[in-house]
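Sequential numbering of the sequence shown, starting at 1, is according to the working numbering. For every residue, glycine included, the Cβ atom is placed at its ideal position computed from N, Cα and C. Notes follow once the structure below has been shown.
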Amino acid sequence: MNGDGRKQRHVSTFWMHIKPHRVPPARGSASNGTPDRSAECFNLSSSNRLDPPVFTKPLQDCRVDEGSDITLRGAVTGSQPIKVSWLHNGGAAHFGNPTFNGQEVGFVVREALPEDAGAYTCLVENGAGKTSCCAAVFVRDFETIYRMRNRAASNILPSAPKSVLEKGKSPLVASPACGPASTPRGPALRFQTPPRHVKVESGQTARLECRFTGCPPAASCWITNKEQVVDGPALWVENTDLSSTLVIAEAKPQHTGRYTVVVRDRKNSAQHTLTLSVIEKPQPPVSCPGISLISTTSLVLSWSGPCYDGGSAVLGYVVEVKNRGRAEPWRKLSDDCKSTSYRVSSGLQPKQEYRFRVRAYNEVGASEPGPASRVVRMEREEEEASQAHTCISLDSTHKVADHYDLQEKLGMGKFGSVFKLTHKETGRVCAGKFYKGRRAKEREAARQEIELMNCLHHPRLVRCLAAYDHKPEMVMVMEFIAGGELFERIVDDSFEHTEPASVGYMQKILEGIAYMHRQKIVHLDLKPENIVCVDATGTAVKIIDFGLAMKLHANASPKVMQGTPEFVAPEVINYEPVCLATDMWSIGVICYILLSGESPFQGDSDAETLALVTAADWEFEEGGFDQITDEAKHFIGSLLNKDTRRRLSCEEALAHPWMAAFDSGKLETKNLCKEKMKRFLARQKWKKAGKALLALKRMALLSKGDSPASPSSPGVDSPLSPEAEHALRSLELKMQGPPHFTQSLQDLTVPRGRSAHLSCHLTGYPDPEVVWLCDQEPVTESPRVQIEYEEDGRCTLVISKVCPDDTNVYTCRAANDHGETLCSARLTVQE
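Given below as structure tokens:
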């Protein structure tokens, strides 16, 4: 039991399937568990005489600490009686204290726990209608509070020592003793925009330079292959108090890898890992060109890329041809082919025989040619006619096994399982979606999806080929999409990932969704795993999985409570009507991840994710969008808008300036980093395997792997590898030394009545203790006399309204375990 007498509870699961228009059971449900539907039984004439409920004061988002109370308040008007119920993350809130006095609604949770975070929805209804209002609640746990308080305490500047001038009968009175003073804190140890990836051509000199700020002295070293770098003739380290540079005199491909710099100053330690790529020309394409679609003057070539790209993405291919019957060299057909296929439409003569070969090139240069193709004679071949779209009806007289051979399982979900199928007569490979068809509800859902598929005949949408209903089994046969998920393709090391390529993918996705929206069909489950590549080499994509899709009607405003937390729109969580713009929000999230590799709303739990979505709380992550154009950011911002009326439609998105820049070829083709997307996909796989908690812990370690000095996590110590710990111990010894004045006190003459500033700059490790002396006696502070300590190690004695009695010799003395030093200056006050 908690302090308010309520039992320890678990957060209710949000992703429950609820029929449109159905409000989840409220606190006023009947005793047998059946929701009270009396509000829906008012006849039309009575509802016309009533005022529907309206929120005059909406709920407000809030953030509380663990152990504090969550208090939500709102105001409602409308004809009585009004029924009020509360949801937490989509499920009925069976905890907390709800209140309603006819006008004001409230909900209080005593001594909030972290699992109390999430989306709270207040549902109100009367005989004239119903409405809802939602608020996002964040609960900061004790561990986070403790960590933040410790961090705040560590950032407080040390208090001035009890050793300064005090006011008495004479201007300067020496205190009997002087307590030690802490040396001023320097700036936090952090790297200044360190490189994450350094690329150099083979044979050139590589300089891996990382600059940092901190509190000198500072020491640093480099680690690679779990060993500390030792200076030699071909590789050495150049260190200063503000930078560390690893120099490789003549970089070779074997130098490619991860390098970690470890830095230690007087207060903190930090590390940063970067990747060095030593690039060279790519290897030749693996296979000889395959030939298809031959006519008298044209054909299509296709081939496999090189096994090794030389350490740099392949930018394109050079296609060459040679006439078999003539003594001539290979000639170039194209030097700007961007994919592994090319249609040759000129330069070939009918009935002539040719051979073809291909070279790959990257930013360094072109490879040697790959193997030559077979000899081909330019004569027309019969082309396979494309299969026309036909409407599919449920076959109740046959089983799927009558026409198809069942192969291996491809996947499974809430609906059932997907198997690979082979048609017995044609040998065509397909995919079979086997539904759980034992219940009437499941069978109806399957029929609805099949009916929708008959409306979705478009090249960007997966196609339904057949459907079987042989009780209890229901099967939908679909195209087999062999290319895998789009994001899985992108992170492949041999695949090029650029902003222009991303625009191309978004165009294809929008074309498919635009066709759906013209049919008034909304997908409602758009996410990366439902965007798949048609084949293993091209860039064509298709949208799959229409299990949650529905057709919108003019007189209906459906509400749903289903989807995936990271990609679902706020109106779904708020249990508000969905519309075509609901899909556009999900497209905005997909585009955000596609360009940055990070999810805009990912929290540490589903509850936190839902709260972030409900509040539309997102921003462009620092580092993730540094190389992304402003047009792309505007495109995303125009989709991730909480107001559905202000989101771009599919047609508006396809006409956006970002798309126009792509069509005109004005976008730069810089390669985008794939590491964050790899981590995103790894997290998704862990979550699918039911290991979300483990995934989050691992992701936390991965995110800290770039060290506390990385821009994303300044000033926070990250877990160190054993070799980094060993390096820090050696750096600790290297930094030891007596205190040293880098700038000494200077004699000063000040007119009477002015302020005097005696200033010096101090360093040393461990931190020295500092005492100010006046004529060899410690001095104390007063309203007229102050000691200032600045973050960079500067110490200043300030005396305001000086008089002749202040004329004297002032000394700053510093000492640590390795020694003591002092510097003095004379202050002269002029009459």
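Spatial distance of residue i from residue j (CA atoms)
i	j	result
GLY305	ALA360	7 Å
ARG211	PRO98	56 Å
SER154	ASP767	Because SER154 sits at a pLDDT of 44, beneath the cut-off of 50, its placement in the model cannot be relied upon, and the following sentence gives the value as read from the coordinates. Roughly 15 Å separates the two Cα atoms.
ALA339	TYR505	A small fix is needed here, since residue 339 is Ser in this sequence, not Ala. Computed Cα separation, rounded: 15 Å.
MET412	GLN204	51 Å
TYR765	LYS734	10 Å
LEU165	PRO194	With a pLDDT of 37 at LEU165, under the threshold of 50, the modelled position of this residue cannot be trusted, and the question is left open.
GLU280	VAL198	14 Å
GLY347	THR297	8 Å
TYR404	LEU421	6 Å
ALA466	LEU394	8 Å
PHE495	PRO217	45 Å
LYS302	ASN574	For the record, residue 302 in the displayed sequence is Ser; it is not Lys. Approximately 50 Å, taken between the alpha carbons.
SER744	VAL314	58 Å
VAL262	LEU728	7 Å
PHE415	GLN407	19 Å
LEU87	PRO81	20 Å
PRO187	LYS409	58 Å
PRO500	GLU209	30 Å
THR564	HIS517	20 Å
GLU227	GLU238	17 Å
ALA825	SER599	59 Å
PHE107	GLU125	17 Å
THR821	GLN192	32 Å
TRP585	THR121	20 Å
Host alpha helix (DSSP H) of residue i (start-end)
i	result
MET506	499-518
VAL589	580-596
ALA724	722-735
PHE635	630-637
LYS441	440-453
PHE487	486-490
GLU652	650-654
PRO570	570-573
Other residues of its chain near residue i: CB distance less than 6 Å, five sequence neighbours each side excluded
i	result
PHE546	GLU449 and LEU452
SER638	LEU648
GLU479	VAL462 and ARG463
ASP335	VAL318
GLU382	Here the model assigns GLU382 a pLDDT of 37, short of 50, so the residue's position is not dependable, and the following value carries that caveat. Within the same chain, GLU382 has no close Cβ partners at all.
LYS332	GLU320
LEU510	CYS650, ALA653 and LEU654
LEU580	HIS517 and VAL522
Residue from the options with nearest C-alpha to residue i
i	options	result
GLU571	ASN101, ASP767 and CYS134	CYS134
CYS455	VAL418, THR811, PHE415 and ILE513	ILE513
ASP606	GLY74, GLU788 and GLY90	GLY90
VAL578	GLY603, LYS551, LEU59 and LEU274	LYS551
SER367	THR582, SER312 and PRO350	SER312
VAL532	LYS559, VAL503 and ARG489	ARG489
GLY74	GLN80, SER68 and PHE55	PHE55
PRO657	SER202, HIS634, LEU731 and ASN225	HIS634
LYS801	GLY316, HIS818 and VAL829	VAL829
TYR468	GLN519, PHE419, VAL400 and THR614	VAL400
ALA724	GLN103, HIS272 and ASP61	HIS272
MET659	ARG794, MET584, GLN627 and VAL503	VAL503
ASN671	VAL491, LEU524 and VAL84	VAL491
Limits of the beta strand (DSSP E) - the one that residue i falls within
i	result
THR614	Run containing THR614: none in the beta strand (DSSP E); it sits in the alpha helix (DSSP H), 606-614.
LYS130	129-140
LEU465	464-470
GLY819	819-830
CYS760	756-765
MET474	473-479
VAL375	Element bounds for VAL375: n/a, residue is neither H nor E.
GLU751	The sequence shown places Pro at residue 751, rather than the Glu named in the question. That run of the beta strand (DSSP E) goes 748-751.
GLU238	235-239
Below-8 Å beta-carbon distance, residue i vs any chain D residue
i	result
THR609	Protein chains in the displayed structure number just one, and chain D is not present.
Beta-carbon proximity list for residue i, same chain, < 8 Å, skipping 5 on both sides
i	result
VAL64	ILE70, ALA112, VAL137, PHE138, VAL139 and ARG140
LEU299	ILE291, SER292, LEU293, ARG343, VAL344, LEU348, VAL376 and MET378
TRP330	GLU320, VAL321, LYS322, ARG357 and PRO369
LEU486	TYR505, PRO528, ILE531, VAL532, CYS533 and VAL541
Neighbourhood of residue i by C-beta, 7 Å cutoff - its chain only, sequence neighbours within 5 removed
i	result
SER132	THR121, CYS122, LEU123, ASN574, TYR575 and GLU576
The region 747-766 / the region 242-261 touching (three or more Cβ pairs under 8 Å): no
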